[in-house]
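>
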Amino acid sequence: MTSFEIWDVHTHLTGVPGSTPEERLPRLLEYADRMGIAKLCVFLGFGRQYDPTPDQLRQHNDEVLRAVRRCPDRTFGFVYLNPKHTQASLDELNRCVRDGPMVGVKLWVAQHCNEPTLDPIVARATELKAVVLQHTWLKITGNLPGESTPMDVAELAARHPRATIICAHTGGDWERGIRAIRPHPNVYADIDGGDPTSGYTEMAVRELGAERVLYGSDAGGRSFASQLAKVLGADIPNSAKRLVLAENTKRILKPILREKGINV
Amino acid sequence: MNPEPSRRDFLKTAAVAAGAVLLRNAAAAKPAEGLIDTNVYLSHWPLRRLPCDETAKLVTKLRANGVTQAWAGSFDALLYRDIATANARLAEECRRHGGGLLVPFGSVNPKLPDWEDDLRRCAEQHRMPGIRLHPNYHGYKLEDPDFAKLLRLAAKRGLLVQMAFIMEDRRMMHPLLQVEPPSLKPLADVVKKTPGLRLELLNCKVPPLDLLKTGDVCVEIAMLEGVGGVSKLLAQAPTECVLFGSYAPMFYFESASLKLKESPLNEEQLRAVRCANAQRLLA
Amino acid sequence: MKFEIWDVHTHLAGVPGATPEERLERLLEYADRVGIARLCVMMGMKWNYDPTPEFMRQSNDEVMRAVKRFPDRAFGFVYLNPKHTQASLDELNRCVRDGPMVGVKLWVALHCNDARLDPIVERATELKTVVTQHCWLKITGNLPGESTPMDLAELAARHPKATFSCIHTGGDWERGIRAIRPYPNIYADINGGDPTAGITEMAVRELGAERVLYGSDAGGRSFSSQLAKVLGANIPDSAKRLILAENTKRILQPILRAKGIKL
C-alpha cells in the first residue's frame, strides 16, 4: 500500500473525538497516517443542516478553516455553499477561496444541482479555478427533497463545459451513476461513500477512463479502509491506481494551488 | 456525506470511548497466526457478475491475502426454492476447490415445506459445521415461531448459526428486489430461549451492542464503518465477540483486511479477530 | 417412441366436436402422433368450479360416453364435488363400482384438507381408486376453494392407505415437491405447468422415480410440452419408463384387476 501516494478528496470532521475543529482534524489524521494517506480534502463543519442559512454556512466554513489552519501541510478545505443563497454563496467563495486557503466547493443536499441558481456559483468557482464537488445519490427509497442525482450533475456540467465538477459518491448506485456522467468529460467520479462493492472501480475505469476517477473516503463516517479497498483491491493496473489514488486529484487542484503559490 | 442517523449515533459514542484508548504507536503489530474469513459467498449474485465470483478465482484471492479458512455461503440460497440443490452445490464447490480452505455453510428457509430435512442434510449429508440464514430474502421476521424452532433444532444438532442481516445497501436495491432488513428487536428473546445456541451476525452495519454484551452473539466486520471502527467496537463489546469477515466477492476483500490496519489493535485483539474467536466458535 | 406412454390427465378440451365421442376421437389423433397408448380422461365438455350434483352427473356421463367409444385407449375418472357428500358417494358407486371409471378427479370446489373429503376418500380407497387432486400455489392468489400441495399433504396424512396424485405438483413445483415428499402415498403428477427444465429431475431426486406420473392436461396444454418434461429430462431411461407408463399402470392395477381388465 505504501507504494502509492494517496490524496483523499472527500473527508469530514466526524467519527473522531474532539470538541473543536483543531482537536478533531489531528485525530482524523492519525487514522490517515495508519493508512498512508498524505493529504485530505475536508469540508462541512460540526452542524448537520441540509439547508443551511448564510450564517450557518459561514460557521461551517469557519470551522473547516480553523481545522485546516491547524494542519496546513496535510489538508485542504472546500467551501460549503447553499445555492438557495446566491449572494451569500458568492461572498463565501470570495472569503474562503479567493481571499482564503480553500481550493474547492462542496455542495450537498439543499437543492438539486441542475437548478439555474447554481449557474452563477459554478461560473464564479470556475473563474477562481476551484473544483465543484456535488453530493449525488440515487435512492430507490427516495432521495431527500433537494438531493441531487448524477443526472442532475450531467445537466449542470453540460451548461458549464469549462467547469471541473466532481460527482461525489458517483450517485451511490454507481452502475447508473457512471453511465449518467460518462458523456461529460468535465465530470469526475468520486468513488467514496458507498459500500466497497467489488467491480465499482473496474467499471468506472472502464467506462470513464482512469483519469476521471478520484479516490475519496467520506471519513470519518466511513472508514478509510473500506474506501481504499475499492482501489487497492480493484483489478486495474497500478498505473490506474496511481491516477485514482492521487494523481487525478493533484491534477485538478493544480491550477488553484498554483494560484495560491502552493507547489504540488 | 451519507451515514444513516443510527450509525452516526453509534459512531459518536464509539469515538469518545475509543479516543481514550487510542494507541499512539502506529507501527504494525505482529500478525497473528491464521486468518479465518467468516463471511464469503460462492455462486452468482443475481444482479451482476462480480470479480472473483468464480470459486477458483475467489480461492486464489483469499489465499493471496493470507486467508487460511473461509466460511462460505451461497448466493443461490437467497432466492432458490430448491434450496437443497443450492446446499448440495455449495458443498461440492467447497470440496472441489481450495483443498480444504472453504468450509460450507448451507442455508435453511423455515418457510419452505419440509425445511427440517434441509437442516438434516446440512448436518448429516454435507457435514457442515453451521448454517447461514437470510430471513429477509426468505420472508420471515425474527419473531416467527419457525425461526425459533430452526434455532432450537440447529443448536440441538450443534450447528453454528450465521444470520445475514442484509446483502446490499437498502438505498440502491433493484426496484424488483427490495428486501427490508429484519428488526433485531425480537432476537434477544429468541436467543435467551435457545440454550446452547452459537449465533454470528453477518453484514451488520450497526452491531447490536446489548446482544454482544450478553456474550451469546458475535458479529463480523465486513460492513462495520467509521474510522477506526474495529477498535471502537472492541472498546464497547467483548473481544471474543468480534470476528473477521470480508463479504468477498461482493465486497473487495481488502476492505476488511485494511480495517485491521486502520484500527490500533494489540496482539491479543488481532489474534482474536483474525482467527481465535472463529476457531473457538467452531470447536 | 421407444417408451410406452400412458397419460394420466386429459380433458375433452382443445379439440372440435359436438359430442364427447367426437372430441375424444380428435384428441386420440394427436395422441397417436406422439405415440401415447392410453389417456385418462376427466370432466365433461363444460366446466364448473363448484358443480351441482346434476352438473357432476352430466360431466361424468359425457366422459363415460367418450370412454365407451374407445375402451382400449381411454379410462375415465369420476369428477366429484366434496361439498355434496352424498351425491359424490352416489357417483362413486354409479361410475366406479358399477361403471367403467377407475379414478377420482377433484378440482377447485373445496380445499382438500376439509373434513368433508374424508368419507369420499375412504370410499374411493375401498373401491381401490386413486384420488387425483388439483393443486396450485399462485403468488397471484388461489381461487377460493383451490387446494395447495400442503392441503393434500394434510389429507394424505389422515388417509395413509389411500393413493393420491398431486395434480400439477402445485404448479410451483419446487415447493410442491417438498410439501408432498414426506408422504409416500402421494404421487406427483407433473402435468399442466410450463415445461420448465429441472422439474422432473427434482421430482425424481426428491420423491424417487416411482412416485412421479406423466400427464398432459391436454387439450388445453399440448402433449408435446408435457412429454418434453420427461423425454428431455436428465434422468435414466429406467426412470422415464416408470414415469411415462409403469407407475400409472401400477397404481391403476388393483382397480383394473377388480374390473377384470388385463394390461
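Residue numbers (the numbering used here), protein chains in the order written: chain A, 979 to 1242; chain B, 483 to 765; chain C, 595 to 857.
For each residue, glycine too, the CB sits at the ideal point set by N, CA and C.
Which class does B:Asn521 belong to by DSSP, given the choice of helix, strand or coil?
Three-state result, B:Asn521: strand.
> Check the DSSP bridge columns for A:His1113 and list the partner residues they point to.
A:His1113 pairs with A:Ala1146.
> Taking any Cβ of chain A, which residues in the segment 614-640 of chain B have a Cβ under 9 Å from it, in chain order?
Hits within the stretch: zero.
> Just checking, does the segment 771-789 of chain C make contact with the segment 605-615 of chain B on the three C-beta pairs under 8 Å criterion?
Counting Cβ pairs under 8 Å, fewer than three are found: no touch.
> Expressed to the nearest angstrom, what Euclidean distance is found between the alpha-carbon atoms of B:Leu474 and B:Val585?
Absent from the structure is residue 474 of chain B, since the part of chain B shown begins at 483 and ends at 765.
> Could you name each continuous alpha helix (DSSP H) segment of 4 residues or more that falls completely within the segment 1144-1204 of chain A, going from the start of the chain to the end?
Runs of the alpha helix (DSSP H) inside the segment 1144-1204 of chain A: 1152-1159 and 1178-1186.
> From B:Gln718 to A:Arg1073, what does the alpha carbon distance come to, in whole angstroms?
Cα-Cα distance, rounded: 43 Å.
> CB A:Thr1104 to CB A:His1138, shorter than 8 Å?
It is a contact, given that the beta carbons lie within the stated cut-off.
> Which residue's Cα is closest to the Cα of C:Leu749: C:His762, C:Arg835 and C:Ala773?
The shortest C-alpha separation from C:Leu749 is found at C:Ala773.
> Per the DSSP calculation, C:Cys634 is bridged to which residue(s)?
Note: C:Cys634 sits in a beta bridge opposite C:Phe669.
> I'd like the span of the alpha helix (DSSP H) that includes B:Asp692, first residue to last.
Start and end: Leu691 to Thr696.
> What whole-angstrom Cβ distance do C:Asp712 and C:Lys677 have, given they're in contact under 8 Å?
C:Asp712 to C:Lys677, Cβ: 14 Å. No contact.
> Under 8 Å Cβ-Cβ, which residues of chain B neighbour C:Ala773?
Pro595 and Asp596, listed in chain order.
> In whole angstroms, what separates the C-alpha of A:His1162 from that of A:Thr1114?
Spanning the two alpha carbons is a distance of roughly 16 Å.
> Are B:Val643 and B:Ile613 closer than 8 Å when you measure CB to CB?
Yes. Within cutoff.
> Pull up the distance between the alpha-carbon of C:Met637 and that of C:Ser832, whole angstroms please.
Computed Cα separation, rounded: 32 Å.
> Is B:Cys604 helix, strand or coil by DSSP?
If DSSP states are grouped into helix, strand and coil, B:Cys604 belongs with the helices.
> Starting from the C-beta of B:Ala511, find all residues in its chain whose C-beta is less than 6 Å away, skip the five residues before and the five after it, and write them out in chain order.
Model confidence at B:Ala511 stands at a pLDDT of 43, short of 50, so the residue's coordinates are unreliable; what they give is reported in the following sentence. Glu749 and Leu752, listed in sequence order.
> Looking at chain B, is there any beta carbon in it that lies within less than 8 Å of the beta carbon of C:Glu740?
With 8 Å as the cut-off, C:Glu740 does not count as an interface residue toward chain B.
> Could you compute how far the alpha carbon of B:Leu659 sits from the alpha carbon of A:Arg1200?
If I take the Cα positions, the gap works out to 26 Å.
> Leaving out five residues before and five after A:Leu1116 in sequence, what residues of the same chain have Cβ atoms less than 8 Å from its Cβ?
Around A:Leu1116: Thr1127, Pro1128, Gly1149, Gly1150, Asp1151, Arg1154 and Gly1155.
> Apply the 10 Å Cβ neighbour rule to B:Gly640 and answer buried if 16 or more other Cβ atoms are within range, or exposed otherwise.
Exposed.
> Whole angstroms are fine: how far does the CA of A:Gly1014 sit from the CA of B:Leu504?
Note that B:Leu504 scores 41 on pLDDT, short of 50, meaning its location in the model is unreliable and no value can be drawn from it.
> Sorted by chain position, which residues of the same chain lie with C-beta nearer than 7 Å to A:Gln1089's C-beta, five sequence neighbours on each side aside?
Contacts found: Pro1061, Lys1062, Thr1095 and Gly1124.
> Please state if the CB of C:Leu846 and the CB of C:Val657 are separated by a distance shorter than 8 Å.
No, the pair does not count as a contact, with Cβ atoms beyond the cut-off.
> Nearest CA to the CA of C:Ala852: which residue from C:Val661, C:Thr646, C:Gly693 and C:Gly611?
Nearest option by C-alpha distance: C:Gly693.
> Within 10 angstroms of its Cβ, does B:Asn507 collect 16 or more other Cβ (buried), or is it exposed?
Because B:Asn507 sits at a pLDDT of 37, beneath the cut-off of 50, its placement in the model cannot be relied upon, and the following sentence gives the value as read from the coordinates. Under this definition B:Asn507 is an exposed residue.
> Which chain F residues sit within Cβ distance under 7 Å of A:Asp1151?
The structure shown contains no chain F; its protein chains are A, B and C.
> Can a CB atom of chain C be found closer than 8 Å to the CB of B:Asp558?
Not closer than 8 Å to any Cβ of chain C, the Cβ of B:Asp558 fails to qualify, so no.
> Would you report the Cα separation of A:Thr980 and B:Thr721, rounded to the nearest angstrom?
In this prediction, A:Thr980 has a pLDDT of 49, which is less than 50 and means its spatial position is unreliable; what the coordinates show is noted afterwards. Straight-line Cα distance between these residues: approximately 29 Å.
> With a threshold of 16 other CB atoms inside 10 Å of the CB of C:Pro665, please say whether the residue is buried or exposed.
C:Pro665 should be labelled exposed.
> Is B:Gln751 close to chain A, meaning its C-beta is less than 8 Å from at least one C-beta of that chain?
Not an interface residue.
> Secondary structure at B:Phe629, three-state DSSP: helix, strand or coil?
It is helical.
> Would the segment 523-541 of chain B and the segment 1165-1183 of chain A be scored as touching if the rule is three or more Cβ pairs under 8 Å?
The segment 523-541 of chain B, when compared against the segment 1165-1183 of chain A, does touch it at the 8 Å Cβ threshold.
> Applying a beta-carbon distance threshold of less than 8 Å, which residues of chain C neighbour B:Arg531?
Under the 8 Å cutoff, chain C gives no residues; its nearest Cβ is about 22 Å from B:Arg531.
> Quick check on the DSSP output: what are the complete beta strand (DSSP E) runs of length 3 or more inside the segment 1066-1111 of chain A, in order along the chain?
As far as the segment 1066-1111 of chain A is concerned, its whole beta strand (DSSP E) runs of at least 3 residues are 1082-1085.
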